[in-house]
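Engineer: First, the structure itself, so that you have it in front of you.
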Amino acid sequence: MTQYRITPKATGEALKTVEAHQGDEEITLYGSCFCPFVQRVWVTLEVLVEVDPYKKPKELLELSPKGLVPALRLNNYDPPRALNESTVIMDFLEDLATTTTKHTLLPLPFNPYSRALARLAADQANRSFVPAFYRYLQAQDIEAQIKAGKEFQDSLDVFIAMLGRAENEVLGHGAITGEGEAAMLRKGLGLWVEKNTELGWADVMAAPWIFRAEIVLKHYRGYEFAPGERVKKYVERVVQHPAFKATCSDTQLYYDSYERYAFNRPNTSQVATAINQGRALP
1191 MTQYRITPKA TGEALKTVEA HQGDEEITLY GSCFCPFVQR VWVTLEVLVE VDPYKKPKEL
1251 LELSPKGLVP ALRLNNYDPP RALNESTVIM DFLEDLATTT TKHTLLPLPF NPYSRALARL
1311 AADQANRSFV PAFYRYLQAQ DIEAQIKAGK EFQDSLDVFI AMLGRAENEV LGHGAITGEG
1371 EAAMLRKGLG LWVEKNTELG WADVMAAPWI FRAEIVLKHY RGYEFAPGER VKKYVERVVQ
1431 HPAFKATCSD TQLYYDSYER YAFNRPNTSQ VATAINQGRA LP
């Protein structure tokens, strides 16, 4: 069902995953191995065609008008059809899975409120947590870095608090009658309940930037996650999950890839330009 074509840029577990999926298949995902927007889709469906974001091939521009990754090509149509934007692709894959594999990142439809809470946490990650990551990384003077670092930490705290709200409202107050039902509700909420070993919708939306905070923000800004056992367990559960680890390259790749952002160099990316201009992310 999936196809990987990749130039030799991904490293470590990510490269192994790509090499394990070669050949012509129904779906191809165009992406860049360091891009967190790509990674959230790749974790959803392990399909990657590696693209150098600074040398965009013609076929990518045909799929994504802005030349942004990720872009999805559906090869079983004649002519092939295309989708772009990471959240749209994730929605498509979620809908596709309901009629094929029956797997899901969202809580199951029997509890629409729990699904709404998962989407609410994901929305907060997209609107606040993700932009705060780039503002912190791109801030150049010390005063701006301190301010941006606090904003980033605050946005992470809000995200974690929203997961706690979901845990309390969905799993608390005697709402759960059995372990099987509880497990189904946990799935997709991004909860850090110890028995939850699944990745959910909110997890996948935020995890690429949580992972990069551990590596890139620590390296370039000296960032450390705020102390606390719950946050520590949540971060470990997400970034150590096999499906997530399978999409991760070696640490050096992220140091090299994000140096442009850390020194706020011109023409780094459309995302970096939007942050500098105070606009919404493209």
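No gaps in the numbering here: position 272 of the sequence shown is 1462 in our numbering, and each next residue is one more. The beta-carbon is built from N, C-alpha and C at its ideal position, and this holds for glycine as well.
Check for me: the alpha helix (DSSP H) holding Ala1334 runs from which residue to which?
Structural biologist: Per DSSP, Ala1334 belongs to the alpha helix (DSSP H) from Ile1332 to Ala1356.
Engineer: What are the boundary residues of the beta strand (DSSP E) that includes Glu1261?
Structural biologist: Looking at the sequence itself, residue 1261 is Ala, so the reference to Glu does not match. Its beta strand (DSSP E) spans residues Ala1261 to Leu1264.
Engineer: Quick one: residues in its chain with C-beta nearer than 6 Å to the C-beta of Gln1330, no 5 flanking neighbours on either side, listed in chain order?
Structural biologist: Taken in chain order, the residues that qualify are Asn1454.
Engineer: Taking Cβ to Cβ, would you say Thr1234 is nearer than 9 Å to Val1429?
Structural biologist: Not closer than 9 Å, so no.
Engineer: Report the rounded CA-to-CA distance for Lys1292 versus Glu1284, giving the unit in angstroms.
Structural biologist: Computed Cα separation, rounded: 9 Å.
Engineer: Taking the alpha-carbon of Asn1301 as reference, which of Gly1339, Arg1325 and Ala1356 has the nearest alpha-carbon?
Structural biologist: For the residues Gly1339, Arg1325 and Ala1356, the minimum Cα distance to Asn1301 belongs to Ala1356.
Engineer: In the DSSP assignment, what residue or residues form a beta bridge with Gly1418?
Structural biologist: DSSP lists no partner for Gly1418.
Engineer: Under three-state DSSP, which class holds Gly1468?
Structural biologist: Residue state, collapsed to three classes: coil.
Engineer: Using only the alpha-carbon positions, how far apart do Ile1332 and Thr1294 sit?
Structural biologist: Going from the Cα of Ile1332 to the Cα of Thr1294 covers about 43 Å.
Engineer: Helix, strand or coil for Thr1201, going by three-state DSSP, please let me know.
Structural biologist: In this structure, Thr1201 counts as coil in the three-state DSSP scheme.
Engineer: Grouping DSSP H, G and I as helix and E and B as strand, with all else coil, what is Asn1301?
Structural biologist: Here Asn1301 sits in coil by DSSP.
Engineer: Note the first and the last residue of the continuous beta strand (DSSP E) segment covering Ala1272.
Structural biologist: Arg1271 to Asn1274 is the extent of the beta strand (DSSP E) around Ala1272.
Engineer: With Pro1260 and Leu1205 assumed to form a contact (beta carbons below 8 Å), what rounded beta-carbon distance in angstroms separates them?
Structural biologist: That pair is no contact at about 18 Å.
Engineer: Consult DSSP for Thr1441 and reduce its assignment to one of helix, strand or coil.
Structural biologist: Correct three-state label for Thr1441: helix.
Engineer: If you pair each beta-carbon of the segment 1342–1353 with each one of the segment 1307–1323, do three or more pairs fall below 8 Å?
Structural biologist: Cβ pair count under 8 Å is three or more, so yes.
Engineer: So, are the CB atoms of Asp1446 and Gly1202 less than 9 Å apart?
Structural biologist: In this structure, Gly1202 does not lie closer than 9 Å to Asp1446 by Cβ.
Engineer: Please classify Gln1335: is it buried, with 16 or more other beta-carbons within 10 angstroms of its beta-carbon, or exposed?
Structural biologist: Buried, because 16 or more other Cβ atoms sit within 10 Å of the Cβ of Gln1335.
Engineer: Verify the CB distance criterion: does Val1320 have a CB-CB separation below 9 Å to chain B?
Structural biologist: Absent from the structure: chain B. Only one protein chain is present.
Engineer: To the nearest angstrom, how far is it from the Cα of Ala1464 to the Cα of Arg1309?
Structural biologist: Rounded to the nearest angstrom, the two C-alpha atoms are 24 Å apart.
Engineer: For the alpha helix (DSSP H) containing Ile1400, name the first residue and the last one.
Structural biologist: Unbroken alpha helix (DSSP H) run through Ile1400: Trp1391 to Arg1402.
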